[in-house]
Structure formats: structure tokens, C-alpha cells
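*Asks:*
2 protein chains.
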Amino acid sequence: MMKKGTILTGDRPTGSLHLGHYIGSLANRVKLQDLYHQYVMIADTQALTDNFRTPQKVRENVTEVALDYLAVGIDPNKTVIFIQSLIPQLAELTMYYLNLVTWNRLKHNPTVKLEIKQKNFGENIPAGFMTYPISQAADITAFKANLVPVGEDQKPMIEQTNEIVRAFNRLYNKEVLIECQAEIPKFARLPGIDGGAKMGKSLNNAIFLGDEEDILRKKVKQMYTDPNHLRVEDPGQVVGNPVFIYLDAFGKDTDKIEQLKDHYARGGLGDSIVKNYLFEVLNEFLTPIRERRKEYSKDKAQVMKMLLKGSTHAFEKAEETLQEVKKAMFLDYQ
Amino acid sequence: MMKKGTILTGDRPTGSLHLGHYIGSLANRVKLQDLYHQYVMIADTQALTDNFRTPQKVRENVTEVALDYLAVGIDPNKTVIFIQSLIPQLAELTMYYLNLVTWNRLKHNPTVKLEIKQKNFGENIPAGFMTYPISQAADITAFKANLVPVGEDQKPMIEQTNEIVRAFNRLYNKEVLIECQAEIPKFARLPGIDGGAKMGKSLNNAIFLGDEEDILRKKVKQMYTDPNHLRVEDPGQVVGNPVFIYLDAFGKDTDKIEQLKDHYARGGLGDSIVKNYLFEVLNEFLTPIRERRKEYSKDKAQVMKMLLKGSTHAFEKAEETLQEVKKAMFLDYQ
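Residue numbers (our numbering), protein chains in the order written: chain A, 1 to 334; chain B, 1 to 334.
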């Protein structure tokens, strides 16, 4: 089948993946792998830009993330799953692109500015962190991706990439690199079980794809709902209530969910009943994922073999682009 | 023979090499290649950090610089001569080292600060230029060089490298990288023929190693001497007079040179006589270099073959180091 284009996407291996990832990106990848050339990168090099003190954690999570991919149905026969650090061409492209971006431009990248605040670097911002948008441009352009699924907050990254693409092609007088488009997922972010706006690996508010049944039950039980819904008979708030947001995202029986919402809104429906149902829904959704995950994790050597194979494939594609880039820059020594 | 250590040195391919290079570094390399493992890098990637608009110039000068090396007697059988961009490991190491240096530290590198002023970047400092000290640390450490011949003004670069070495070894708990020492050449800088403090490729004040006899004669004739030495009978200034500095650097007949100095100092010796003698001295020095250069440049394909062979050798050594680095960082996927 004729593919519609090329996607580059991926995750930083800083923890296992959770329901937020499923909703925000994984589900989409499973769908798009039939329609696009899809490259999914486990971004260990990028993860190290702010986790360089704990490389072992990054290393371990490379396997965990790969298990999550396989468990949700990202198929290595359809999607190229690869490890960033195994593709030296990405570092080489970064070196050339660093010349095309000014120091000032980097300082004013809105995404990076926000992240620097969040990460409390203070005066000690690693240079690697400041320059990671350039490294991202290398990742995207190496595979000639024209579609990059990102959150709204990551749009400046795509702009930065396209600035580099235009600067390169203009300067070296060749249409070597191609511009890409951001694809913003339709479903908004999944809130955390604590009611926080975003479920996050390290926010202690996530339901992980590999969570066991008892852990799932415990997490659902402790979920934040409507803090004003004190007595069963009180009317409860449905909009913005994480329990109902999760039901909308993962439940199949929409009639039943609507009934529950109505009942909750007019009062008389206890949180525990909604939560029990949510547990059932999530457990039904997660059980096959959890089981596949367990099955794959029995043979981690096989998982690594898959990653190495994907990385070889990615290496070849990136090498093609790098050769074109070097040729345009008169660096094709022979 | 047991080697005394490993040297990493090199040049940016932004122009042919001149007498200043010979005195400041090339002569030393010819001597040291018997005593040390010597890696000489043609730094095309680094040259691009401030010449990215003119890559063809950089490309052409890679060959010119290699011809200069061969002409002065740097022997590819004793010295590994290689092209920086052919060693992807250098880019990879740079990526990892970028995490170990803060953004602020880069801003305050004295060498870079000075160069930024000289280069008139204004607000548009390329990020690649700001980060090149980190790239230099990659160059040095990739070959486990313990001796790096640099000018006095480049000492902060060596400090930056050693900071990275210590940070890496401490953080990853392994003595993978080794510290290096700056070797400051004993002979001070050669002034330009215009009397400027430094002979420079792009300062229009250089005598190049490949300059033809007639060009050499013209350049010596127009040399700056003592501006107060207006009439032959006037006493002339010897100290700081480029003509005598060159004679000291390249002349062999020290008795004759002392006589000329005395005569010039007390008056009665015209500039043109000293210059005629200097021309003879320089021409005697440059003639064999010029001839070897011509000989080698008849077969540039052969020169490139030599560079590719050296680059393969450098690649292997850098790969060894990179594997150790990656292993220490738990990035040795297999």
C-alpha cells in the first residue's frame, strides 16, 4: 500500500509508559503504523540531557518502554522502533545544525524556557539541555519525517526544526531536508489520578500500562473526584472529574457512562460505585496489555534484538540523509 | 621504540599554512612524530562553526593543508593525519559532554569571548561556535591525548577539557578519560610582514609555505621594518623588527646575523641589504618545501587516499574510546 508520509515520534526512557501516553500517543501510533512509514525513537541521548547523573535508570527504561510499545500493539514489522544513541548520524547532523541556530535563538525557545523553570536547574543549565531542540531537528530530518505528533506545548520545537530546514536548504542551495508538520492529538491530556492537569511518569499520579490488578484497584480507589461531593446524595461535578474523563477515554458502553454521569450530577451516586465501574473498565482494557507485556518480558534478550534490528534499519535511513547533507556541504570526501 | 605519550593537534582548513604555522607548530610536529603517538586533525567541522556559509572554501583547504603537512615532512607513516568530519565518534562524544558543561560556563570561556569579539558576530553567535570548546574536548579525549600543543591564548580550552574529563570520570565512576596538558611552544608567535603581532591566514600579512620565489621576493621587499630607520646612516631598531625576527627564526649563519644586527643598530646598513639576505635565507628554507608541495599536488587523489587511510585509523581509535564511554554510561546495548 502507498504510504501517506513519514512519522517520527518517540519517548524519553525515563520511566514506564502510562494511560496518558496511551491516550496521547500510543493509540495513535498503533493506528498510523498501517498508513505511514513510522519511526518510533527511544530517546536515550535526549533523556540524558537532564538525567545524565542516572544513566542506569535511562538504560533500564529503554527496555521498559520497548515492552510497553510491544504490549500495546506497536508492531516492529510495521514500525521502525530504534534507540537514539545507536544512530551516530543524529549526533553528526546536530553538529552541522548547531551552526545554523544562534545562541540567542536557543535561549528564547518557549518550550525550553518553560522546562528549565520546571526542572529547577538554577544557574546550572546543562548545555546539552539548551541545545536539545537542535538535536530534535536532527532526529526529525534524518528520517525525512513530514509529520510529527506532539503536544501543543511542543509546537515551538517543530518551528525550530523547520527554521533549520529552510536555513540549510537555502544556504547549501539544495532541497535536501524537508519541512514537517506538527500533529496535535485530538484527545486532550489525561489528568493524573490526583486531579493534576497531566498524568506524569514522575508525578506519582500515573496508572502504568503494566500495573497489576491490585495496584490498579488501589490507584482507582484513591482517585481524586469532585472534592465537594461529600455525601452520596449531594449532586456531583462531572465535567473535569478525572473518574469520568477516564471513563470517556477507555469505556465502551457509552449509554451506561451517560447514565452514570446523569445520576452523579443529580446526586445519589457514590464515588465508590463509579470507581468500581472504572476499575472494571480499566482492568478490561489493561489486562491484555499487561499479559502481553509479561509475555514479552520473559525474554528481554529478544526485545533487545528487536530494538537492534530496528536501529539498524534507522541507521541506514539516517545514513542516506547524512550523505546527502554532507554532499550539499562539500563534505563528501572520496 | 616506546612512545612518550599521545599528542592531538591540528589545523582549521580555512587557508594554506604559512611561516607562522611552521614556527609555531609544524616544525614541532615533525620532531615529535618520532617520540609520540601523534594525531593531526584537519578540523573541517570546527572550521564550519564560523565558515558554514562557505563550505566549499573549507573543503578546498582540507587538501591545501594536507599538502602543507606533507611538504614540511609530517610523515603519514608516523603521524595519523585525519579529517575531523570523518570521525562520527567525535560528534557523539560531544553530545554526551554537552551535558557536563553548563550554559553559563560556555558563556564565560575567555578564549571564546575574545574570538566572538574578533569575529563580529554581534547578536548572531552561532550555537556551534559557542559549543566548540566541548567539541574540542571530544577531539582530545577520543584519542586519549595527554599532550596538546596550543598557544598561550588557548589554555582555557585545555582547562575546559580537563573539567569534562574529571566530571565524566567522577560521575560515571570509571577512569575512562584522561587529562591532558597544554604544551605551549617555546618560540613566540611570528609577526606578520606588516609588523602585526601575528601572521594570519586571512590578515594579508603571511608568507605561505607554497609561495613562489617571485611572490616571496615581493613580500620580503614590502616588509615592515623600523619605521624610524629613514636614512641608511641612521641607527635602526633590531629588537621587534620583523626582518630580524625572521632571520633569527630561519637563518642558520648566526655569526652573520649578529654582524648584520650590530651594523643595523649602529647605522649604515640599509633595509634593502638585510631584506635581500632574508630573501635568500627564506628561499633556501622554502625551496625544498615548495618543491615537495608541487610534487604532491600533482596527484591530489593520492593525497586524499592518504587522508582517508589516516581517518580510518583515527576512526578505530575513537571508536575504542567511544565504546568505553558508552559502557560507563550503560549505553552498551547488546
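Idealized CB from N, CA, C, for every residue including glycine.
(1) Do L331/A and S297/B count as a contact pair if the criterion is CB distance below 8 Å?
(2) Using the beta-carbon of each residue, which ones in chain A are nearer than 7 Å to M2/B?
(3) Is the Cβ of L209/B closer than 8 Å to any Cβ of chain A?
(4) By Cβ distance below 7 Å, which residues in the same chain neighbour V356/A in space, the five residues on each side in sequence not counted?
(5) Between the alpha carbons of E316/A and L90/A, how many angstroms are there, rounded?
(6) Tell me the rounded alpha-carbon separation between M306/A and K218/A.
(7) So is E212/B in contact with chain A if we call contact Cβ pairs under 8 Å?
(8) Where do the N-terminal and C-terminal ends of the beta strand (DSSP E) with D41/A fall, by residue?
(9) When the Cα of G24/B is compared with those of T312/B, K4/B, F187/B, D153/B, which residue comes out closest?
(10) Could you pull the DSSP bridge partners for P149/A from this structure?
(11) Suppose contacts are defined by Cβ-Cβ distances below 8 Å. Is Y132/B in contact with Q46/B by that definition?
(12) Please compile the residues from chain A whose C-beta is within a distance smaller than 7 Å of the C-beta of L106/B.
(13) Find the residues of chain B that neighbour A137/A, judging by a C-beta separation of less than 8 Å, and give them in chain order.
(14) Would you kindly report the start and end of the unbroken alpha helix (DSSP H) that includes T63/B?
(15) Identify each residue in the region 3–26 of chain A for which the Cβ-Cβ distance to at least one residue of chain B is less than 7 Å, and report them in chain order.
(16) Can you list, in chain order, the residues of its chain with a C-beta nearer than 7 Å to that of G195/A? Leave out the 5 residues immediately preceding and following it.
(17) Could you tell me which residues DSSP pairs with D11/B in its beta bridges?
(18) Cβ of A142/B less than 8 Å from any chain A Cβ?
(19) Is the region 30–39 of chain B in contact with the region 224–235 of chain B, if contact means three or more CB pairs nearer than 8 Å?
(20) Does the distance from the CB of Y97/A to the CB of I81/A come in under 8 Å?
(21) Taking buried to mean at least 16 other C-beta atoms within 10 Å of its own C-beta, is I125/B buried or exposed?
(22) Can we say the region 101–116 of chain B touches the region 59–79 of chain B, given the rule of at least three CB pairs closer than 8 Å?
(23) Counting Cβ pairs, one atom from each stretch, are 3 or more of them under 8 Å apart for the region 202–213 of chain A and the region 9–22 of chain A?
(24) Measure how close the beta-carbons of M329/B and P55/A come, nearest whole angstrom, since I'm counting them as under 8 Å.
(25) If we ignore side chains and look at the alpha-carbon of each, how far apart do R292/A and T63/A end up?
(26) In chain order, what residues of the same chain have a beta carbon less than 7 Å from the beta carbon of V325/A, not counting five sequence neighbours either side?
(27) Residues of chain A with CB under 7 Å from N99/B, in chain order?
(28) Look up F208/A in the DSSP assignment and give the residues it is bridged to.
(29) For G310/A, collect the residues of the same chain with a Cβ closer than 7 Å to its Cβ; drop the 5 residues on either side in sequence, then sort them by chain order.
(30) Excluding five sequence neighbours on each side, which residues of the same chain lie with their C-beta closer than 7 Å to the C-beta of A137/A?
(31) Which residue's Cα is closest to the Cα of L32/A: V65/A, P149/A, K117/A, G240/A?
(32) By how many angstroms is the C-alpha of V101/A removed from the C-alpha of I116/B?
(33) Counting along the chain, where does the beta strand (DSSP E) carrying T79/B start and finish?
(34) For R59/B, does the count of other Cβ atoms within 10 angstroms reach 16, so buried, or fall short, so exposed?
(35) So with Cβ pairs under 8 Å, would you call T321/A a contact of chain B?
(36) Using 10 angstroms around the beta-carbon of L114/B, count the other beta-carbons present and answer buried if the total reaches 16, otherwise exposed.
*Replies:* Here's the rundown:
(1) Mapped onto the second sequence, residue 297/B falls at position 297. Mapped onto the first sequence, residue 331/A falls at position 331. Not closer than 8 Å, so no.
(2) Along the second sequence, one-based indexing puts residue 2/B at 2. By Cβ distance, chain A contributes nothing, its closest Cβ being about 34 Å from M2/B, past 7 Å.
(3) Along the second sequence, one-based indexing puts residue 209/B at 209. So no, L209/B is outside the interface.
(4) Beyond the ends of chain A as shown, which are 1 and 334, falls residue 356/A; an answer cannot be given.
(5) The count along the first sequence starts at 1 and reaches residue 316/A at position 316. The count along the first sequence starts at 1 and reaches residue 90/A at position 90. Spanning the two alpha carbons is a distance of roughly 12 Å.
(6) What you label residue 306/A is simply residue 306 of the first sequence in a count that begins at 1. What you label residue 218/A is simply residue 218 of the first sequence in a count that begins at 1. C-alpha separation (whole angstroms): 34 Å.
(7) Looking up residue 212/B in the second sequence gives position 212. No - not a single Cβ of chain A is within 8 Å of the one on E212/B.
(8) In the first sequence, counting from the first residue as 1, residue 41/A sits at position 41. The residue you asked about is not Asp; residue 41/A is Met in the sequence shown. Run containing M41/A: 37–42, per the beta strand (DSSP E) assignment.
(9) What you label residue 24/B is simply residue 24 of the second sequence in a count that begins at 1. The shortest C-alpha separation from G24/B is found at F187/B.
(10) Reading the first sequence from its first residue, position 149 is the one you call residue 149/A. In DSSP, P149/A forms a bridge with E183/A.
(11) Here residue 132/B refers to the residue found at position 132 when the second sequence is read from its first residue. Here residue 46/B refers to the residue found at position 46 when the second sequence is read from its first residue. Their beta carbons are under 8 Å apart, which means Y132/B touches Q46/B by this criterion.
(12) Against the second sequence, residue 106/B aligns to sequence position 106. Here the neighbours are A127.
(13) Sequence index remark: in the first sequence, residue 137/A carries index 137 (1-based). Correct list: empty, because the minimum Cβ distance to chain B is about 12 Å.
(14) To locate residue 63/B, count along the second sequence from 1; it is residue 63. Element bounds for T63/B: 55–72.
(15) none
(16) Residue mapping note: residue 195/A aligns to position 195 of the first sequence, counting from 1. Once the five neighbours on either side are set aside, the close Cβ partners of G195/A are Y224, P242.
(17) Counting from 1 along the second sequence, the entry for residue 11/B is found at position 11. Its beta-bridge partners are I42/B.
(18) For the purposes of this step, residue 142/B is identified with residue 142 of the second sequence, where counting begins at 1. Taking Cβ atoms only, chain A never reaches closer than 8 Å to A142/B, which makes this a no.
(19) no
(20) For the purposes of this step, residue 97/A is taken as the residue at position 97 of the first sequence. For the purposes of this step, residue 81/A is taken as the residue at position 81 of the first sequence. It is not a contact, given that the beta carbons lie outside the stated cut-off.
(21) In the second sequence, the residue the question calls residue 125/B occupies position 125. Burial call: buried.
(22) no
(23) yes
(24) By one-based count along the second sequence, residue 329/B stands at place 329. By one-based count along the first sequence, residue 55/A stands at place 55. The pair is a contact, with the Cβ atoms about 4 Å apart (cut-off 8 Å).
(25) Here residue 292/A refers to the residue found at position 292 of the first sequence. Here residue 63/A refers to the residue found at position 63 of the first sequence. Rounded to whole angstroms, R292/A to T63/A spans 14 Å at the Cα level.
(26) Sequence index remark: in the first sequence, residue 325/A carries index 325 (1-based). So the list reads L93, Y96, V176, once near-sequence residues are dropped.
(27) Against the second sequence, residue 99/B aligns to sequence position 99. Residues of chain A passing the Cβ test: L48, T49, F52, P126, G128.
(28) Position 208 of the first sequence, counted from the first residue, corresponds to residue 208/A. F208/A pairs with H18/A.
(29) On the first sequence, residue 310/A is found 310 positions in, with the first residue counted as 1. Excluding positions up to five away in sequence, the list reads P76, V80, I81, F82.
(30) Walking along the first sequence from the start, residue 137/A turns up at place 137. Cβ within range, chain order: Y97, Q160, T161, I164.
(31) In the first sequence, counting from the first residue as 1, residue 32/A sits at position 32. Selected option, being the one with the closest Cα: P149/A.
(32) For this step, residue 116/B is matched to residue 116 along the second sequence. For this step, residue 101/A is matched to residue 101 along the first sequence. Going by the C-alpha atoms only, they are around 15 Å apart.
(33) Within the second sequence, residue 79/B is the residue found at index 79, counting from 1. Element bounds for T79/B: 79–83.
(34) Translated into the one-based positions of the second sequence, residue 59/B becomes position 59. Result: buried.
(35) Position 321 of the first sequence, counting from 1, holds the residue named residue 321/A. Answer no: the Cβ-Cβ gap between T321/A and chain B never drops below 8 Å.
(36) Residue 114/B sits at position 114 when you count from the first residue of the second sequence. Exposed, because fewer than 16 other Cβ atoms sit within 10 Å of the Cβ of L114/B.
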